[in-house]
Amino acid sequence: MIDPGASGPLGPAAPTSPIGISGGAGAATTVLQTTRVSVSDEIVARLQRTGAAVSVDDDATGSASQDWWPLAMTWALEGALAGRAAAIVRPDSVAQISEIAAICNEARIPLTTAAGRSGVCGNAVPVFGGVVLDMCGIAGVIDVDDQSLTVNVAAGTFGDHFEDELRRVHTLTAGHWPQSMSLSTIGGWVACRGAGQFSTRYGKIEDIVVGLDVTLADGRQISTGGQPRQAAGPDLTQLFVGSEGTIGIITAARLKLHPLPPYEQHAAFTCDSFEAGLDACRRVLRRGGTPAVLRLYDVLESKRNFDVDSNVVLVLDEGDPALVDANLAIINEEFARHQPADVALVTHWMGHRNDVAGLESLISKGFVIDTMEIAAPWRCLDDIYRSTRDVIGGIDGVLSVSAHQSHAYLDGACLYFTFAGRPSTDATGAEAVAEKTAFYRRVWDAGSRNVLERGGALSHHHGIGLNRGRFMAEALGGAFAVLGAVKSSLDPMGILNPGKLGLAHPYGALPGWE
3 MIDPGASGPL GPAAPTSPIG ISGGAGAATT VLQTTRVSVS DEIVARLQRT
53 GAAVSVDDDA TGSASQDWWP LAMTWALEGA LAGRAAAIVR PDSVAQISEI
103 AAICNEARIP LTTAAGRSGV CGNAVPVFGG VVLDMCGIAG VIDVDDQSLT
153 VNVAAGTFGD HFEDELRRVH TLTAGHWPQS MSLSTIGGWV ACRGAGQFST
203 RYGKIEDIVV GLDVTLADGR QISTGGQPRQ AAGPDLTQLF VGSEGTIGII
253 TAARLKLHPL PPYEQHAAFT CDSFEAGLDA CRRVLRRGGT PAVLRLYDVL
303 ESKRNFDVDS NVVLVLDEGD PALVDANLAI INEEFARHQP ADVALVTHWM
353 GHRNDVAGLE SLISKGFVID TMEIAAPWRC LDDIYRSTRD VIGGIDGVLS
403 VSAHQSHAYL DGACLYFTFA GRPSTDATGA EAVAEKTAFY RRVWDAGSRN
453 VLERGGALSH HHGIGLNRGR FMAEALGGAF AVLGAVKSSL DPMGILNPGK
503 LGLAHPYGAL PGWE
């Protein structure tokens, strides 16, 4: 049996700062020129009477207003935040959350839910001030049903601690392994429709979640789902999956589990072209193969990550030996026309797959860098791969653009583009912020619109947040108005995470991001 402790050393079960803010969080200015909603002494007192911890300290509110959005990390080097909360509130019970929401709703105060703050699209940034609701105190496994293979877990539970308890105490796994495993929480996984690195075997979070507990904007508490494949009207669980805190506050999730896999196999190949690798991956899925990991790197990423001058394919599968061996047989047949590679490449990837230190290092050297993950049907992927690289690579200041395929399914896959560059000037301070922001937006505008025009989806697992909100009407078409109607119905005062998902809100303009 695989070692139950194989998940590695545990993180702090608390938010991890992505980068130091020059001059400190307390003194940081804000880049986004928006209306900042304050929190009066009276409201602070009411929030304190709920029993939750409340802070209006500048260092605390500044730190709680930062997530892992790479552009905001660039701003941090110049002593600036995207936005700043007026107060941070840390509940330790769901009853407190209900009271906090009701107070903010009555007073029309923006309420931005956050926990690990590991999102990379500005999802947790309180762009209009108000209250940041820190969910880290709502943590822990509530119940495990070994017979039905489900778990009920509090939303503020960090991923690595959750998985460690499942493995160590129950010999079970959720199978969800995002790169941000020690940085992110269950509520964040659900709210941003996240994907784990083993998603081809276990599915994305929307395939894993079976029910939710949610607190609405006015403080009401509801529960959704929880039954296997029930037919009781629309699936309200999925209404909140991916909603990024804009229509409700997720307080607990019921997730599917699996027995801890007793068997694991690896394989690796190289392909003469990225397109040939995509086609081989497609054929594996078409035949019913579902290895936990089926990743394809283009030449640039293969050289950077593995020192291999070709298109590298990594395969890892785990589970019942009969199923794993059947999967590997399919994979070996479909990759027979390609070259086998050293399986030690898989071990190398496993040892570095959750390393995020390189992002801070490159940003600290003055580079503007980010990843743009999208999803698309198989028939569109070749075109999107070539054209998106060309479009981004043609922007003045872009130094490199590369891609890999990280999650594959029967109907399509995720492409993960990485770009790095810098504006041509050596500006500092506010001028540097403006120039790097303009460069960043040019890349995202060109890449996102190219993907949408060529049949792809706006995001696969990072979500929308602030960064992608301006593309939502284009991406959803007429359905965007339906999403707006849902928001208006469940959050009529517009207090929940305003400025995200491109949705309307009552707090004024958001220049440059609408």
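In our numbering, the protein residues as written are 3 to 516.
Ideal Cβ placement from N, Cα and C applies to all residues, glycine included.
Check                                                                                                                                                              : Outcome
Going straight from the alpha carbon of Gly7 to that of Glu455, what length do you get?                                                                            : Since pLDDT at Gly7 reaches only 42, below the 50 mark, its modelled position is unreliable, and the value read off the structure follows with that caveat. So the alpha carbons of these two residues sit roughly 45 Å apart.
Name the two residues that bound the continuous beta strand (DSSP E) containing Ser304.                                                                            : Per DSSP, Ser304 belongs to no beta strand (DSSP E); it is in the alpha helix (DSSP H), 301-308.
So what does Cys416 bridge to, in DSSP terms?                                                                                                                      : Ala377, His409
Could you pull the DSSP bridge partners for Lys438 from this structure?                                                                                            : Its beta-bridge partners do not exist; DSSP assigns none.
Can you find the residues in the same chain that come closer than 8 Å, C-beta to C-beta, to Asp311, ignoring five residues on each side of it along the sequence?  : Val301, Ser304, Lys305
When you compare only the Cα positions, how much space is there between Ile188 and Gln199?                                                                         : 15 Å
Answer yes or no: do Tyr509 and Pro112 have a C-beta to C-beta separation smaller than 8 Å?                                                                        : yes
Per the DSSP calculation, Leu318 is bridged to which residue(s)?                                                                                                   : His268, Val295
Along the chain, which unbroken stretches of the beta strand (DSSP E) at least 3 residues long are found entirely within the segment 185-231?                      : 211-217, 223-227
Residue range of the beta strand (DSSP E) that Asp327 falls in?                                                                                                    : Not the beta strand (DSSP E): Asp327 falls in the alpha helix (DSSP H), residues 323-336.
Please say whether Ala436 and Ile397 have beta carbons closer to each other than 8 Å?                                                                              : no
Indicate whether Leu262 and Thr173 have their beta-carbon atoms separated by less than 8 Å.                                                                        : yes
Please state if the CB of Thr272 and the CB of Val216 are separated by a distance shorter than 8 Å.                                                                : no
How would you label His178, buried or exposed, when you count the other beta carbons within 10 angstroms and need 16 or more for buried?                           : buried
Express the C-alpha separation of Glu320 and Tyr265 in angstroms, rounding to a whole number.                                                                      : 5 Å
Should Gly118 and Ser186 be called a contact, given that it needs their Cβ atoms to be closer than 8 Å?                                                            : yes
In chain order, what are the residue ranges of uninterrupted alpha helix (DSSP H) at least 4 long that sit wholly in the segment 337-376?                          : 346-354, 359-366
Classify Gln267 as buried or exposed, calling it buried when 16 or more other Cβ atoms lie within 10 Å of its own Cβ.                                              : buried
Give the single residue among Val146, Val96, Ala434 whose Cα lies nearest to the Cα of Cys138.                                                                     : Val96
Helix, strand or coil for Gly486? Go by DSSP, reduced to three states.                                                                                             : helix
Is the CB-CB distance between Gly221 and Ala378 below 8 Å?                                                                                                         : no
Are Glu80 and Gly431 close, meaning C-beta to C-beta below 8 Å?                                                                                                    : yes
Quick one: any contact between the segment 35-45 and the segment 64-80, if contact means 3 or more CB pairs under 8 Å?                                             : no
How many angstroms separate the CA atom of Thr18 from the CA atom of Thr37?                                                                                        : 28 Å
Helix, strand or coil: which one does DSSP assign to Asn452?                                                                                                       : helix
Checking 8 Å against the spacing of the C-beta atoms, do Arg86 and Thr115 come in under that value?                                                                : no
Within 10 angstroms of its Cβ, does Leu505 collect 16 or more other Cβ (buried), or is it exposed?                                                                 : buried
Return helix, strand or coil for Ile90, following the three-state DSSP convention.                                                                                 : strand
So, for Thr420: in the same chain, excluding its five sequence neighbours on each side, which residues have a beta-carbon less than 6 Å away from its beta-carbon? : Thr373, Ser404
So the candidates are Pro236, Thr226, Gly479, Val370; which of them puts its Cα closest to the Cα of Arg444?                                                       : Val370
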